[in-house]
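The block underneath contains the structure these notes are about, expressed in structure tokens.
2 protein chains.
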Amino acid sequence: MEELKKIITLLSQFPGIGRKTAERIAFFILKMDEGKVKELSSAIVLWRQLVKPCPLCFNITTRERCEICEDPKRERDTLCVVEDASDLYAIENTHSYKGLYFVLGGVIKDEGTKRALRLKELEERVKRDKIKEVIIATNPTTEGELTALHLAKLLKPFGVKLTRIARGIPFGAHLELADSITISQALEGRKEI
Amino acid sequence: MEELKKIITLLSQFPGIGRKTAERIAFFILKMDEGKVKELSSAIVLWRQLVKPCPLCFNITTRERCEICEDPKRERDTLCVVEDASDLYAIENTHSYKGLYFVLGGVIKDEGTKRALRLKELEERVKRDKIKEVIIATNPTTEGELTALHLAKLLKPFGVKLTRIARGIPFGAHLELADSITISQALEGRKEI
Numbered sequence: 261m262e263e264l265k266k267i268i269t270l271l272s273q274f275p276g277i278g279r280k281t282a283e284r285i286a287f288f289i290l291k292m293d294e295g296k297v298k299e300l301s302s303a304i305v306l307w308r309q310l311v312k313p314c315p316l317c318f319n320i321t322t323r324e325r326c327e328i329c330e331d332p333k334r335e336r337d338t339l340c341v342v343e344d345a346s347d348l349y350a351i352e353n354t355h356s357y358k359g360l361y362f363v364l365g366g367v368i369k370d371e372g373t374k375r376a377l378r379l380k381e382l383e384e385r386v387k388r389d390k391i392k393e394v395i396i397a398t399n400p401t402t403e404g405e406l407t408a409l410h411l412a413k414l415l416k417p418f419g420v421k422l423t424r425i426a427r428g429i430p431f432g433a434h435l436e437l438a439d440s441i442t443i444s445q446a447l448e449g450r451k452e453i
Numbered sequence: 261m262e263e264l265k266k267i268i269t270l271l272s273q274f275p276g277i278g279r280k281t282a283e284r285i286a287f288f289i290l291k292m293d294e295g296k297v298k299e300l301s302s303a304i305v306l307w308r309q310l311v312k313p314c315p316l317c318f319n320i321t322t323r324e325r326c327e328i329c330e331d332p333k334r335e336r337d338t339l340c341v342v343e344d345a346s347d348l349y350a351i352e353n354t355h356s357y358k359g360l361y362f363v364l365g366g367v368i369k370d371e372g373t374k375r376a377l378r379l380k381e382l383e384e385r386v387k388r389d390k391i392k393e394v395i396i397a398t399n400p401t402t403e404g405e406l407t408a409l410h411l412a413k414l415l416k417p418f419g420v421k422l423t424r425i426a427r428g429i430p431f432g433a434h435l436e437l438a439d440s441i442t443i444s445q446a447l448e449g450r451k452e453i
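Now the structure itself:
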């Protein structure tokens, strides 16, 4: 059926949705109340239309500034630099960080991707807001590490404390299943107990 | 962020989408072209609005009758009874069945679900269209087997050949990992080679 193929193709463009899941969703929609389907569909369009980057930290927001930048309880001299807003929410969900953020907009892969990053905006932010510590929380991938090194070089002249999130064996994981880079980083980053 | 929570809740109502995948999809939508998001959203609404059950076999269709019922190349005296339209497409994808279908609309769980099934419509279909063989292809679950037995009893008076899809060890699976019911059904259904 043509229409089924079309809806499966549309749905399977999303991350984490294969053709089999897309098909299950397509049949699920047919059993949904028509009003609910309309509600969902406008929510998706509104989500795309109303959400903009916060001009201060580039987190997503529907207001003038994001709720983290607006929150008077956050420590304003600590800045955590992440690749994307989704990384910011991963950190927020831990409830263990009380400073502010800066969303870089990706990682350095080449000169083109480097130009697309908010490097100028980050420098200005650090200077203007008298930031004392910058936590570099790009992902521990090859490109994330390269970007972290570049940021460290870039921010050194501002005399801020520069830190990098710890690498090691993830909680609940087993040594025998971890790759050798992770194991050597866990050894390197060992702490006295 | 309230809007993020809302969109995650909406998306994670779908089968196969957990909160983590819903979040990834939410961020993916923000990076999509606005026109593409609108296109997707109307495609979902149209899919729900235009797709109706075929009056003959209750497969999904946007036309008066579904394309399988309309296809002159299908064998018109063989009927394969499935629980849902999604099962019908699972069979169609094998390209190994050339007869027609009948979508029952579920399985018997109790008197209520039994009343909701298209049992009358199935009887009429078998009688009116001079069906010679009915393949009962409900799922090999407890309820699917119960429903299959009920259908067999119901259709016996019409003098049609009644068959049930084979149960056994699935292709690519291992005996040591199969459950004992499956293994005994595979032994019971053994064929000479």
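In order, the protein sequence lines correspond to chains F and P. 261 is the number of the first residue of the first sequence in the numbering used here; add one for each residue after it. 261 is the number of the first residue of the second sequence in the numbering used here; add one for each residue after it. Glycine included, C-beta positions come from ideal geometry on N, C-alpha and C. Just so you know, these numbers come straight off a predicted model, no measurement behind them.
Start and end residues, beta strand (DSSP E) containing residue i
i              : result
K421 (chain F) : 421 to 424
Neighbouring residues, chain F, relative to residue i (Cβ below 9 angstroms)
i              : result
S272 (chain P) : Those within 9 angstroms of S272 (chain P) in chain F number zero; the least Cβ separation is about 11 angstroms.
T322 (chain P) : M261, E262, E263
R284 (chain P) : F274, P275, G276, S346
L290 (chain P) : W307, R308, V311, I320, A345
E294 (chain P) : V305, R308, Q309
Listed by chain order, chain F residues near residue i by CB distance under 7 angstroms
i              : result
A345 (chain P) : F287
T281 (chain P) : G276
V342 (chain P) : Ordered by position in chain F, no residue passes the 7 angstroms Cβ test against V342 (chain P), which lies about 12 angstroms from the chain.
K298 (chain P) : V305
Beta-carbon spacing of residue i, residue j below 8 angstroms
i              : j              : result
A426 (chain F) : G449 (chain F) : yes
G276 (chain F) : R284 (chain P) : yes
K421 (chain F) : E383 (chain F) : no
A397 (chain P) : C340 (chain P) : yes
T321 (chain F) : I395 (chain F) : no
V491 (chain F) : F418 (chain F) : The requested residue 491 (chain F) does not occur in the structure, where chain F is confined to residues 261 to 453.
L435 (chain P) : I443 (chain P) : yes
L264 (chain F) : A286 (chain F) : yes
N319 (chain F) : A350 (chain F) : no
R378 (chain F) : G365 (chain F) : yes
G204 (chain F) : A446 (chain F) : One cannot answer for residue 204 (chain F) here, as it falls past the ends of chain F, which runs 261 to 453.
L290 (chain F) : A282 (chain F) : no
R323 (chain F) : D389 (chain F) : no
E343 (chain F) : N399 (chain F) : yes
F274 (chain F) : F274 (chain P) : no
Partners in chain F for residue i, counting only beta-carbon separations shorter than 8 angstroms
i              : result
E403 (chain P) : Correct list: empty, because the minimum Cβ distance to chain F is about 18 angstroms.
D377 (chain P) : The residue you asked about is not Asp; residue 377 (chain P) is Leu in the sequence shown. The premise fails here: L377 (chain P) is roughly 15 angstroms from chain F at the closest Cβ pair, so nothing lies under 8 angstroms.
P303 (chain P) : First, the amino acid is wrong: residue 303 (chain P) is Ala here, not Pro. Result: K266, I267, L270.
E327 (chain P) : M261
Opposing strand residues paired with residue i [DSSP bridges]
i              : result
P430 (chain P) : P430 (chain P) pairs with nothing; no bridge assigned.
I396 (chain F) : F:V341, F:R424
Y361 (chain F) : F:C340
P313 (chain P) : P:I320
Residue i - containing alpha helix (DSSP H), residue span
i              : result
F287 (chain P) : 279 to 291
V297 (chain P) : 294 to 310
Q445 (chain P) : 440 to 448
C326 (chain F) : First-last for C326 (chain F): undefined, no H or E at that position.
T402 (chain P) : 402 to 415
E436 (chain F) : Per DSSP, E436 (chain F) belongs to no alpha helix (DSSP H) and is neither H nor E.
K390 (chain P) : Looking at the DSSP string, K390 (chain P) is not in any alpha helix (DSSP H), and its letter there is neither H nor E.
T527 (chain P) : The question about residue 527 (chain P) has no answer here: the residues shown for chain P are numbered 261 through 453.
L377 (chain P) : Unbroken run through L377 (chain P): none, as it is neither H nor E.
E262 (chain F) : 262 to 271
Within chain P, the residues that residue i reaches when beta carbons sit closer than 8 angstroms
i              : result
L316 (chain F) : Going along chain P, no residue has its Cβ under 8 angstroms from L316 (chain F), so there is no contact; the nearest lies around 15 angstroms.
E452 (chain F) : Within chain P, no residue comes near E452 (chain F); the closest Cβ sits about 35 angstroms away, beyond 8 angstroms.
Proximal chain P residues relative to residue i, where beta-carbon distance stays under 7 angstroms
i              : result
E383 (chain F) : Per Cβ cutoff of 7 angstroms: no residues; E383 (chain F) is ~25 angstroms from chain P at best.
Item checked: Cβ pair count under 8 angstroms reaching 3, the region 289 to 300 of chain P against the region 350 to 361 of chain F -> no
Note to self: Assess contact between the region 300 to 310 of chain P and the region 309 to 326 of chain F, defined as three or more Cβ pairs (one per stretch) separated by less than 8 angstroms. Is contact present?
What the structure shows: no
Check: Would you say the region 326 to 335 of chain P touches the region 358 to 378 of chain P, given that touching needs at least three Cβ pairs under 8 angstroms?
Finding: yes
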